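2 protein chains.
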Amino acid sequence: MSGLAPGAPEVAADHPEPPQTDLSPIADAVEDAGAAGFVAVGYRFADDVRYLSRFGGPDRDYAVVVTADRAALTAPGLFDEQAETEFVDAAPDDGVAREVRTEGQRGPAGRRAANVLDDLADADSDTVLTPADIPHDAALYLENAGYELSSTTAVDDARLTKTEAELACLSRVQAVTCRGMARAEAVLAAAEPDGDDLLFEGEPLTTEILRREVDAEMASHGIRSAGNTVIGSGSTAADLHYTGIDHIAPGETVLLDISPRGPHGYYGDLTRTFVVGSDGGWERRAFVAVEAAHEEALTNVEAGATAGTVHEEAAAELTAHGFRIDSSEVGFTHGVGHGVGVSLHEGPSLRADTPLQAGNVVTIEPGVYDPDIGGVRIEDLVAVTEDGYERLASYPVRFTPVNAE
Amino acid sequence: MSGLAPGAPEVAADHPEPPQTDLSPIADAVEDAGAAGFVAVGYRFADDVRYLSRFGGPDRDYAVVVTADRAALTAPGLFDEQAETEFVDAAPDDGVAREVRTEGQRGPAGRRAANVLDDLADADSDTVLTPADIPHDAALYLENAGYELSSTTAVDDARLTKTEAELACLSRVQAVTCRGMARAEAVLAAAEPDGDDLLFEGEPLTTEILRREVDAEMASHGIRSAGNTVIGSGSTAADLHYTGIDHIAPGETVLLDISPRGPHGYYGDLTRTFVVGSDGGWERRAFVAVEAAHEEALTNVEAGATAGTVHEEAAAELTAHGFRIDSSEVGFTHGVGHGVGVSLHEGPSLRADTPLQAGNVVTIEPGVYDPDIGGVRIEDLVAVTEDGYERLASYPVRFTPVNAE
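Here it is in structure tokens:
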């Protein structure tokens with residue numbers, strides 16, 4: 004059997020070009036602090052460094068150094084051409100002159116960063132801004148070179164608001180995510196209850212079979228990392244990041260939370276919950292409540308709204324439906340959403356007392372759980388706009404799965 | 004068209020159980036140093052923390068604390084049941100008593116680690132061992148709590164030698180990797196030269212089409228993260244970690260370096276190079292040289308052999324075939340291999356002056372490159388044994404791709 008449940012979006016054959024990073028907010032933070040510069044250290048899987056450099060380099064630490072008007076990437080020599088292409092040639096016109104520095108390649112990234120900073124910095128200052136979680140060895144190299152570290156949230160802040168190019172990346176990943184979900188829904192709809200089993204192509208259906216169908220569908224559209232296909236069934240649907248293997252029984256909640264990563268590092272995030280052969284008990288009540296809370300939360304999303312209000316309104320709706328809020332095990336146990344970008348979880352928090360901004364990309368994902376029964380969550384990924392929100396891609400909300408077209 | 008080129012291994016339907024981690028080498032390092040304990044801080048994608056805890060928890064930092072006979076994981080409350088299952092219940096009998104600590108959940112991981120260490124440590128010592136790259140903010144919390152940090156390589160050292168359970172994980176991932184390669188080879192064999200194009204199902208073949216075929220095949224066998232399918236064609240075959248999109252022309256080297264990550268975090272790593280419609284020039288000479296160097300390198304792999312010898316012997320073979328060694332652009336530009344485990348690149352280095360040990364898992368991957376023409380690399384993943392090596396999975400070496408069975 005192949006096919007998708009109805010309502011999945013079409014996807015473009017090709018992924019958009021990599022977004023460019025405007026480094027001027029980092030350069031401005033350096034200038035405002037009167038600092039010599041900013042230093043981030045990490046390797047190609049570190050999200051901040053990936054965002055700042057757009058460099059898909061080695062599995063060894065390298066550094067990004069930014070001063071008030073210049074920026075350097077300390078690439079290993081084997082990767083210098085790739086670094087020139089990705090960091091320098093592809094850069095936007097943001098007033099920050101970029102270069103690749105390959106000297107001292109075999110030395111530690113922190114020492115190389117200190118040397119480059121000595122060379123680039125105009126400011127008469129010993130202060131260097133860094134993310135708080137810079138590797139400790141890199142911090143010590145900077146301190147030994149005479150710098151005093153001061154932590155900055157400038158990168159987190161810059162990442163809060165997405166550009167059009169970032170939205171295009173996120174949208175395509177989310178559209179492919181919807182197609183993965185449509186594949187799972189089609190498989191569930193084709194499965195036949197048989198005693199305690201759901202039979203799919205003659206075999207008892209498991210979450211692992213479902214996961215492989217989802218991941219293969221997404222891979223066929225160019226998603227490169229499908230390592231976050233969380234699927235719970237019955238009681239494991241109450242475990243938030245569960246990726247184990249379970250037998251799926253009729254009448255159980257099957258919760259799929261699909262968060263793949265696209266070629267340029269941006270994530271999708273989509274959750275649906277289905278039940279095959281429900282007898283209309285807890286899971287039906289939970290679904291109705293969560294669907295209402297999801298809609299209520301969405302109506303509160305717009306630029307200028309207080310982020311925490313979105314959570315509170317979802318919680319109020321779930322309370323009105325008789326579900327608990329204050330427990331870590333039963334009811335609505337988590338926040339209503341989080342930002343998504345080159346990290347799966349980033350700002351803004353939807354529990355914070357700060358206003359949402361146009362260009363924030365957030366999940367809206369209320370859920371209720373009972374570890375003895377199951378869990379229901381419904382999640383969409385939306386971009387905040389001046390007067391509301393836009394879904395990055397849309398997929399129907401259905402309790403009973405529908406057959407392939 | 005579907006199908007695989009001949010010679011791909013069969014794979015078991017299910018992935019093996021997660022390996023357990025013997026924490027006694029870490030506890031011994033604490034005792035030997037007379038330290039209060041060991042602390043690692045990271046989130047679920049940080050390789051050390053994943054290895055130490057086997058916990059697939061949240062996208063927020065947590066800590067693993069180990070003393071001479073106890074160990075604690077500071078899990079967030081939402082994940083305490085999962086932490087108990089994965090860190091405590093699944094632990095081996097290694098003399099280290101494990102527990103999950105959920106107090107102070109909303110505080111920073113470094114402060115929580117310091118509190119747990121205050122509570123667990125017997126030793127009358129202010130020294131705490133940490134990996135050198137512990138996040139700087141966590142290091143500061145530990146220092147503010149009165150501890151003096153001392154960096155340790157105990158975790159890297161423990162990871163050097165794989166257990167039977169780790170070898171089983173690596174072997175299945177590598178077997179699935181071979182099937183991904185077999186899919187790519189079948190597609191290449193089915194492609195028809197047409198002027199400057201290779202036509203596959205009527206369309207000009209690109210590296211992206213090939214990548215999607217590989218990744219979908221691996222996903223269908225339960226590989227969860229196929230984000231490292233490096234494919235170069237012609238000149239981009241000379242770029243080591245290149246994942247861009249290229250048109251594939253007849254006569255060009257097509258280099259596929261496939262490094263997916265399995266469900267428990269272990270990587271596979273396999274490289275083959277094919278040419279469709281070769282006229283027998285540089286690429287044929289390069290292939291013959293690299294195949295000979297690959298075989299020569301393998302004959303030098305055994306427990307007790309000096310690691311660097313493996314590199315030197317491969318280099319000598321390539322020199323004998325007339326290829327350069329000392330350049331960063333032309334010839335043999337990189338090391339002959341590296342360790343693989345829960346990191347794609349880890350110890351041992353095959354350039355080091357230290358003996359190989361039984362249970363090391365290393366790639367053997369000589370290659371030669373000319374940025375104006377292309378690149379050829381052949382790579383297998385092997386476990387070092389007392390009297391030689393064993394491939395974790397085998398796949399034929401062929402220059403001209405062979406059709407699907």
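Protein chains in written order, with the numbering used here: chain A, 4 to 408; chain B, 4 to 408. The beta-carbon is built from N, C-alpha and C at its ideal position, and this holds for glycine as well. Remember, it's a predicted structure, so these values are computed and weren't measured experimentally.
1) What residues in its chain sit with their C-beta under 8 Å from that of P358(B), if we drop five residues either side in the sequence?
2) Roughly how many angstroms separate the alpha carbons of P95(B) and A292(A), rounded to a whole number?
3) Can you say whether S418(B) is buried or exposed, counting buried as having 16 or more other CB atoms within 10 angstroms of its CB?
4) Check the Cβ-Cβ distances between D62(B) and every residue of chain A, and say whether any is below 8 Å.
5) Helix, strand or coil for D64(A) per DSSP?
6) In the DSSP output, what is V69(A) paired with across the bridge?
7) Using 8 Å as the cut-off, can you tell me whether the stretch 37-50 of chain A makes contact with the stretch 127-137 of chain A, which would need three or more C-beta pairs spanning the two stretches below that distance?
8) Which bits of chain A does Q85(B) rub up against, with CB to CB less than 9 Å?
9) Please classify E169(B): is it buried, with 16 or more other beta-carbons within 10 angstroms of its beta-carbon, or exposed?
10) Report yes if the CB atom of A66(A) is closer than 8 Å to the CB atom of A185(A), and no otherwise.
11) If you measure between the beta carbons of A86(A) and V44(A), is that distance less than 8 Å?
12) Would you list, in chain order, the members of the stretch 213-225 of chain B that have their beta-carbon closer than 9 Å to a beta-carbon of chain A?
13) Using a Cβ-Cβ cutoff of less than 7 Å, which residues in the same chain neighbour T77(A) once the five nearest sequence positions on both sides are dropped?
14) Out of curiosity, what's the CA-to-CA distance linking A295(A) and Y372(A)?
15) So what does Y392(A) bridge to, in DSSP terms?
16) Around the Cβ of A323(A), are there at least 16 other Cβ atoms within 10 angstroms (buried) or fewer (exposed)?
17) What does T232(B) reach in chain A if we use C-beta pairs closer than 9 Å?
18) Enumerated in chain order, which unbroken segments of the alpha helix (DSSP H) with a length of 4 residues or greater are wholly contained in the stretch 173-232 of chain B?
19) Would you identify the three-state DSSP class for H250(A), choosing helix, strand or coil?
20) DSSP beta-bridge partners for T133(A)?
21) Would you call the stretch 188-205 of chain A and the stretch 396-405 of chain A in contact, with 3 or more CB pairs under 8 Å?
22) If P19(A) and R175(A) are in contact, beta carbons under 8 Å, what's the gap, nearest whole angstrom?
23) Quick one: give me the first and last residue of the beta strand (DSSP E) that I261(A) is part of.
24) With 16 as the cutoff for other CB atoms within 10 Å, does D390(B) come out buried or exposed?
25) Does DSSP put E87(A) in a helix, a strand or coil?
26) Going by C-alpha distance, which of D122(B), E151(B), A124(B) is nearest T133(B)?
27) Return helix, strand or coil for I367(B), following the three-state DSSP convention.
28) How should G98(A) be labelled, buried or exposed, when 16 other C-beta atoms within 10 angstroms of its C-beta is the threshold for buried?
29) Give me the residue from L202(A), R380(A), I29(A), R47(A) with the minimum Cα distance to I234(A).
30) Under 8 Å, Cβ to Cβ, is there at least one residue of chain A near E151(B)?
31) Could you list which residues in chain B have their beta carbon closer than 7 Å to that of I137(A), in chain order?
32) Rounded to whole angstroms, what's the CA-CA distance from L384(B) to G280(A)? Just pull it up for me.
33) Taking just the CA atoms, how far does G254(A) sit from D282(A)?
34) Can you tell me whether A11(A) is buried or exposed, with buried defined as 16 or more other CB within 10 angstroms of its CB?
35) Can you find a CB in chain A that lies within less than 8 Å of the CB of P266(B)?
36) Can you pull the chain B neighbours of L347(A), defined as C-beta to C-beta under 8 Å?
In this structure, then:
1) Start at 1 with the first residue of the second sequence, and residue 358(B) comes out as number 355. For P358(B), where only same-chain residues beyond five positions count, the Cβ hits under 8 Å are A306, G307, A308, T309, A310.
2) To locate residue 95(B), count along the second sequence from 1; it is residue 92. To locate residue 292(A), count along the first sequence from 1; it is residue 289. Taking the straight line joining both Cα atoms gives about 43 Å.
3) Not covered by the structure: residue 418(B). The range shown for chain B is 4 to 408.
4) As a first step, residue 62(B) must be located in the second sequence, where it is residue number 59. Contact with chain A is found for D62(B), since one of that chain's Cβ atoms lies less than 8 Å from the residue's Cβ.
5) On the first sequence, position 61 is the one that residue 64(A) refers to. Three-state result, D64(A): coil.
6) Numbered from its first residue, the first sequence carries residue 69(A) at position 66. V69(A) pairs with F41(A), A74(A).
7) yes
8) Locating residue 85(B) in the second sequence gives position 82, counting from the first residue. Near Q85(B) (Cβ distances below 9 Å), the residues of chain A are D242, L243, H244, Y245.
9) If you number the second sequence from 1, residue 169(B) lands on position 166. With 16 or more other Cβ atoms inside 10 Å of its own Cβ, E169(B) counts as buried.
10) Position 63 of the first sequence, counted from the first residue, corresponds to residue 66(A). Position 182 of the first sequence, counted from the first residue, corresponds to residue 185(A). A66(A) is not a Cβ neighbour of A185(A), given a cutoff of 8 Å.
11) Reading the first sequence from its first residue, position 83 is the one you call residue 86(A). Reading the first sequence from its first residue, position 41 is the one you call residue 44(A). Against a cut-off of 8 Å, the Cβ pair of V44(A) and A86(A) comes out as no contact.
12) R214, R215, E216, V217, D218, A219, E220, M221, A222, S223, H224, G225
13) Numbered from 1 along the first sequence, position 74 holds the residue referred to as residue 77(A). Within the same chain, and ignoring the five residues on either side of T77(A) in sequence, the residues whose Cβ sits closer than 7 Å to its Cβ are Y65, A66, R104, A112, R115, A116, V119.
14) Sequence index remark: in the first sequence, residue 295(A) carries index 292 (1-based). Sequence index remark: in the first sequence, residue 372(A) carries index 369 (1-based). Rounded to the nearest angstrom, the two C-alpha atoms are 16 Å apart.
15) The count along the first sequence starts at 1 and reaches residue 392(A) at position 389. Per DSSP, V387(A).
16) Position 320 of the first sequence, counted from the first residue, corresponds to residue 323(A). Answer is exposed; the Cβ neighbour count stays below 16.
17) Here residue 232(B) refers to the residue found at position 229 when the second sequence is read from its first residue. Simply R227.
18) 210-222
19) On the first sequence, position 247 is the one that residue 250(A) refers to. In this structure, H250(A) counts as strand in the three-state DSSP scheme.
20) Residue numbering aside, residue 133(A) sits at position 130 when the first sequence is read from its first letter. Its beta-bridge partners are S154(A).
21) yes
22) Mapped onto the first sequence, residue 19(A) falls at position 16. Mapped onto the first sequence, residue 175(A) falls at position 172. About 6 Å separates the two Cβ atoms, so the contact holds.
23) Counting from 1 along the first sequence, the entry for residue 261(A) is found at position 258. Annotation: the continuous beta strand (DSSP E) that includes I261(A) extends over 256-261.
24) Locating residue 390(B) in the second sequence gives position 387, where the first residue counts as 1. By the 10 Å Cβ count, D390(B) comes out exposed.
25) Stepping through the first sequence from its first residue, residue 87(A) is reached at position 84. Here E87(A) sits in helix by DSSP.
26) Within the second sequence, the letter at position 130 stands for residue 133(B). Of D122(B), E151(B), A124(B), the residue nearest in Cα terms is E151(B).
27) Stepping through the second sequence from its first residue, residue 367(B) is reached at position 364. Residue state, collapsed to three classes: strand.
28) One-based indexing of the first sequence puts residue 98(A) at position 95. Exposed, by the Cβ-count rule.
29) For this step, residue 234(A) is matched to residue 231 along the first sequence. For I234(A), the nearest C-alpha among the options comes from R380(A).
30) Here the question's residue 151(B) lines up with position 148 in the second sequence. Using a CB distance cut-off of 8 Å, E151(B) does not count as an interface residue toward chain A.
31) Within the first sequence, residue 137(A) is the residue found at index 134, counting from 1. Correct list: H139.
32) The residue labelled residue 384(B) in the question sits at position 381 within the second sequence. The residue labelled residue 280(A) in the question sits at position 277 within the first sequence. Their Cα atoms are separated by approximately 47 Å.
33) On the first sequence, residue 282(A) is found 279 positions in, with the first residue counted as 1. On the first sequence, residue 254(A) is found 251 positions in, with the first residue counted as 1. C-alpha separation (whole angstroms): 6 Å.
34) Walking along the first sequence from the start, residue 11(A) turns up at place 8. It is buried - the Cβ of A11(A) has at least 16 other Cβ atoms within 10 Å.
35) Numbered from 1 along the second sequence, position 263 holds the residue referred to as residue 266(B). Yes - at least one Cβ of chain A is within 8 Å of the one on P266(B).
36) Here residue 347(A) refers to the residue found at position 344 when the first sequence is read from its first residue. Chain B residues near L347(A): D62.
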